[in-house]
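Undergrad: My questions will all concern the structure given below.
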Amino acid sequence: MLRSSTTAWTSRCGSRMQYRVLGKTDLEVSIVGFGASPLGDVYGVTGPEDGERAVHLAIDEGINFFDVSPYYGLSLAESRLGVALQGRRSKVILATKCGRYGADEFDFSAGRILASVDESLRRLRTDYVDVLFAHDVEFGDLNQIVEESIPAMRRLQEQGKTRYIGITGFPLRHLIRIATSVPVDAILSYCHYNLLADDLDTVLAPIAENLGIGLINASPLHMGMLTERGSPDWHPASKETDEAARNAAEFCRNRSSDISDLALRFCFDYPRVATTLVGMATKDQVHKSLCACQAPADPQILLEVRAIFAPAFNRFWPSGREENQ
Ligand code: NAD
-8 MLRSSTTAWT SRCGSRMQYR VLGKTDLEVS IVGFGASPLG DVYGVTGPED GERAVHLAID
52 EGINFFDVSP YYGLSLAESR LGVALQGRRS KVILATKCGR YGADEFDFSA GRILASVDES
112 LRRLRTDYVD VLFAHDVEFG DLNQIVEESI PAMRRLQEQG KTRYIGITGF PLRHLIRIAT
172 SVPVDAILSY CHYNLLADDL DTVLAPIAEN LGIGLINASP LHMGMLTERG SPDWHPASKE
232 TDEAARNAAE FCRNRSSDIS DLALRFCFDY PRVATTLVGM ATKDQVHKSL CACQAPADPQ
292 ILLEVRAIFA PAFNRFWPSG REENQ
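Here the sequence shown stands for residues -8 to 316, numbered as in my numbering.
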């Protein structure tokens, strides 16, 4: 049973979880979403029991939206999430993906998508997902995605294996091109709305709203960059952006503030997306993210951090096939 937007639940730090409807779907998702890529050890090795406890705490504390992919940890994240959700599947809105299976392994053909979803369902120990996304569409042939992948995903919807379908990716223009060519229910965008970027708001949100497409904002911490720990080795942003993030973290620390809390609150306050996906794998991270929902951002610190980020703002990196650059 999903909570409605009128009910609220109060956490240990007093936060009241809010829920928003995802586009034209009947999915009411918590504004804090659980990004499960860290369960696949994408950000370093995590204990499976830690991940399971994090998932259980998140559910107990009102988080109902979970996002995963066969790509995360090459199926490890799906398997771990499946174990953690045993006996709790009905309490969550579950999204997984198709089309991406490795750093350089993509297959958006109908045949692979149909087989891939069955594999995902087995790992997730369920017989349906709530949203199925085509994963990182800029690495595919965009015509194939429109003409073959999305129709295959609609067939899966007809078969009851997914309730809704969507697309994910990095460059906004490809997401827009697909969504204006063929109906999709949801778009998941990452690193385009947080303390380092805002073109999701200016470029994507108006079009999505016009088309009635639900928007999901992922990577509020800019894939780990806006944390005390700093960016993972594989982070694609420039050294200048990374340096700005380290300066901002230090600035916050010197004012007894925390860059992650500030970054999370900034995203949770953004009303044009249904949910913000935070990558989490421990109870501490879940707790910290929930508390960031509660603590208002200090406007002066926010102003100064945004000034530190000004030279690095809306600076993106190439992603996708050469012909899609
Ligand atoms: P993120 O910005 O959420 O950062 C995750 C990192 O921050 C991890 O190292 C995590 O340990 C750490 N962290 C989490 N909560 C914290 C807190 N409160 N304080 C300090 N550190 C904290 O990046 P992400 O995980 O890449 O994005 C979130 C989720 O969005 C992913 O797990 C995935 O589900 C989804 N996503 C999808 C795509 C796509 O479809 N192409 C791309 C990126 C993200």
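Where is the CB? At the ideal position from N, CA and C, for every residue including glycine.
Predicted model only: the values in this text are computed from it and were never measured.
What does DSSP give as the partner residue(s) for F25 in the beta ladder?
TA: F57, V269.
Undergrad: Does DSSP put R7 in a helix, a strand or coil?
TA: The answer is strand: DSSP assigns R7 an E or B state.
Undergrad: Thinking C-beta only, is T37 closer than 8 Å to L85?
TA: It is not a contact, given that the beta carbons lie outside the stated cut-off.
Undergrad: Compare the Cα-Cα distances from F57 to each of W308, L195, A298, S81 and report the closest residue.
TA: When each option's Cα is compared against that of F57, the closest is S81.
Undergrad: Under a Cβ-count criterion, where at least 16 other Cβ atoms within 10 Å of its own Cβ denotes burial, should L13 be classed as buried or exposed?
TA: It counts as buried.
Undergrad: My parser needs the alpha helix (DSSP H) runs of 4 or more residues fully inside the segment 79 to 166; what are they?
TA: Entirely contained in the segment 79 to 166, the alpha helix (DSSP H) runs reaching 4 residues are, in chain order, 101 to 115, 141 to 149.
Undergrad: Taking one C-beta from the segment 287 to 297 and one from the segment 24 to 38 each time, how about it: are there three or more such pairs within less than 8 Å?
TA: They do not touch, by the three-pair rule.
Undergrad: Which same chain residues, not among the five before or five after I141, have their C-beta less than 6 Å away from its C-beta?
TA: Closer than 6 Å at the Cβ level, and outside the excluded window around I141, lie V173.
Undergrad: Rounding to the nearest angstrom, what Cα-Cα distance links I178 and L281 in this structure?
TA: Roughly 24 Å between the two C-alpha positions.
Undergrad: With DSSP as the reference, label E241 as helix, strand or coil.
TA: Helix.
Undergrad: Taking 7 Å as the line, does the beta carbon of A265 fall inside it for any heavy atom of the ligand NAD?
TA: Result no, Cβ not under 7 Å from the ligand NAD.
Undergrad: Can at least three beta-carbon pairs, one atom from the segment 46 to 64 and one from the segment 297 to 311, be found at a separation below 8 Å?
TA: Not touching, per the Cβ criterion.
Undergrad: With distances taken Cα to Cα, identify the nearest neighbour of G73 among R114, A101, G90, D98.
TA: The shortest Cα separation from G73 among R114, A101, G90, D98 belongs to R114.
Undergrad: Look at the alpha carbon of A265 and the alpha carbon of M214, and state the distance between them as a whole number of angstroms.
TA: Taking the straight line joining both Cα atoms gives about 19 Å.
Undergrad: How big is the Cα-Cα spacing for I169 and I158?
TA: Between I169 and I158, the C-alpha separation is close to 8 Å.
Undergrad: Should D127 go down as buried or exposed, given a rule of 16 or more other Cβ atoms within 10 Å for buried?
TA: Classification for D127: buried.
Undergrad: Where does N315 sit, in a helix, a strand or coil, going by DSSP?
TA: Three-state DSSP puts N315 in a helix.
Undergrad: Can you determine whether any heavy atom of the ligand NAD sits closer than 7 Å to the C-beta of A188, and answer yes or no?
TA: No; taking the cut-off as 7 Å, the Cβ of A188 has no heavy atom of the ligand NAD nearer than that.
Undergrad: Taking only the alpha-carbon atoms, compute the straight-line gap between E138 and G131 and give it to the nearest angstrom.
TA: When rounded, the distance between both Cα atoms is 12 Å.
Undergrad: Please report the Cβ distance between E129 and S310, rounded to the nearest whole angstrom; I am assuming they are in contact, meaning their Cβ atoms lie under 8 Å.
TA: Right, the Cβ-Cβ distance comes to about 6 Å (below 8 Å), so this counts as a contact.
Undergrad: Can you round the beta-carbon distance between L186 and A254 to whole angstroms, since I take them to be within the 8 Å contact cut?
TA: Yes, they are in contact, since the Cβ atoms of L186 and A254 sit about 5 Å apart, within 8 Å.
Undergrad: Between which two residues does the alpha helix (DSSP H) holding L212 run?
TA: Per DSSP, L212 belongs to no alpha helix (DSSP H) and is neither H nor E.
Undergrad: If I follow the unbroken beta strand (DSSP E) through S180, where does it start and stop?
TA: Taken as a continuous stretch (DSSP letters only), the beta strand (DSSP E) holding S180 covers 177 to 181.
Undergrad: Can you give me the start and stop residues for the alpha helix (DSSP H) that N201 sits inside?
TA: 196 to 202 is the extent of the alpha helix (DSSP H) around N201.
Undergrad: Among the candidates D95, G205, T171, I156, whose CA atom is the shortest distance from the CA of R11?
TA: With distances taken between Cα atoms, R11 lies closest to G205.
Undergrad: Counting only the same chain and skipping the five closest in sequence on each side, list residues whose C-beta sits under 6 Å from that of S70.
TA: Hits under 6 Å: R114.
Undergrad: For G205, list the residues DSSP reports as bridge partners.
TA: G205 is bridged to A177.
Undergrad: Would F300 be called buried (16 or more neighbouring beta carbons within 10 Å of its own) or exposed?
TA: Label assigned to F300: buried.
Undergrad: Using 7 Å as the cut-off, classify the Cβ of L268 as near or not near the heavy atoms of the ligand NAD, replying yes or no.
TA: Yes; taking the cut-off as 7 Å, the Cβ of L268 has a heavy atom of the ligand NAD nearer than that.
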